[in-house]
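First the structure, in the form of structure tokens, and then the observations on it.
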């Protein structure tokens, strides 16, 4: 992370509040164990694999957990397919209908690569999860839309660039993202498996920070964000989901303040955090990390509050960190 960091965009009428905390009374120990035991299994027969993963489990949520974990830990992200799709997206940037038609036809290649080599992109992850859930008797949908993180620079939504899932458990809909749960691409574009449980049955409010479905009902929110509001929010990271810390104020990416004016921050968390491990930083012109002073740091009923100020005038990429992990980023202009 550097001062020249480019902040960028990657690539329902149901009950609100559906999340993994609904299942605190259920242990995923057996589901996790079964998923590990079947590491490296082939995808040539997904019915057989699904049976192996779910046959000894009693509840739908445990079955879904075993399927989800197995996919995340055994399927690699395919950078070459991702790159090819992006090249075609650029080729057809002035003809969306042609790109959509090409993309639909190209899915045959995506699914073949998935089945034969266990390598795919988001469409394949979500498709496999849907199919295996269906075999296990669990209703699961593919959700197409837009994903945001710190990798691609854009201030507007054009083509859908991401696919994830909604799953129905105990008559409630839940959200999950098997692609972003699986790992990440390193600087050499090699896929590194690093499971992130933060994208499994995530709270809709937090999920909406970097997922915007085409069909807004699949936000699972009473009042879905507009596309304009979605791209104007602070940037969040995979570690935001790992720690389950959601920025609530300021709620914009681009901010303006007067020199020495107090800048208030507020975050929602599911657990009491060590407030000494929270920091707010930016990078100077030498790419050295500079910590901002935090005042009146308080925690009350799931809300962390504090304020800071920046004396110097200029433009700053400001980042909230917890335990050295980036949680949220803002672009702040001090006048």
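In the UniProt record's numbering, the protein residues as written are 1 to 335. Ideal Cβ positions, reconstructed from N, Cα and C, are used throughout, including at glycine. These numbers come from a predicted model, not from an experiment.
- The C-alpha of residue 309 lies about 6 Å from the C-alpha of residue 263.
- The beta-carbon distance between residue 45 and residue 69, rounded to whole angstroms, is 19 Å. This is too long to meet the 8 Å contact definition.
- If only uninterrupted beta strand (DSSP E) runs of at least 3 residues are considered, none is enclosed by the stretch 20-93.
- Counting only runs of 3 or more residues that sit fully inside the UniProt domain "Transglutaminase-like" (114-180), the beta strand (DSSP E) segments are 140-147, 162-169, 172-176, in chain order.
- With a cutoff of 8 Å on beta-carbon distance, residue 43 and residue 115 are scored as near each other.
- A residue is called buried once 16 or more other Cβ atoms fall within 10 Å of its Cβ, and residue 313, having fewer, is exposed.
- The beta carbon of residue 295 sits closer than 6 Å to the beta carbons of 307 from its chain, once the five residues preceding and following it are set aside; these are given in chain order.
- Taken atom to atom, the span from the alpha-carbon of residue 22 to that of residue 72 is near 22 Å.
- Annotation for residue 294: no alpha helix (DSSP H) segment contains it, and DSSP assigns it neither H nor E.
- Across the structure, residue 331 and residue 252 are spaced so that their CA atoms are roughly 9 Å apart.
- Three or more Cβ pairs closer than 8 Å define a contact, and the stretch 212-230 falls short of that threshold against the stretch 105-121.
- Within its own chain, the residues whose Cβ lies closer than 6 Å to the Cβ of residue 240, once the five positions on either side in sequence are excluded, are 327, listed in chain order.
- Residue 333 holds the alpha-carbon nearest to the alpha-carbon of residue 257 among 193, 189, 221, 333.
- The C-beta distance from residue 140 to residue 170 rounds to 14 Å, too long to fall under 8 Å, and the pair is not in contact.
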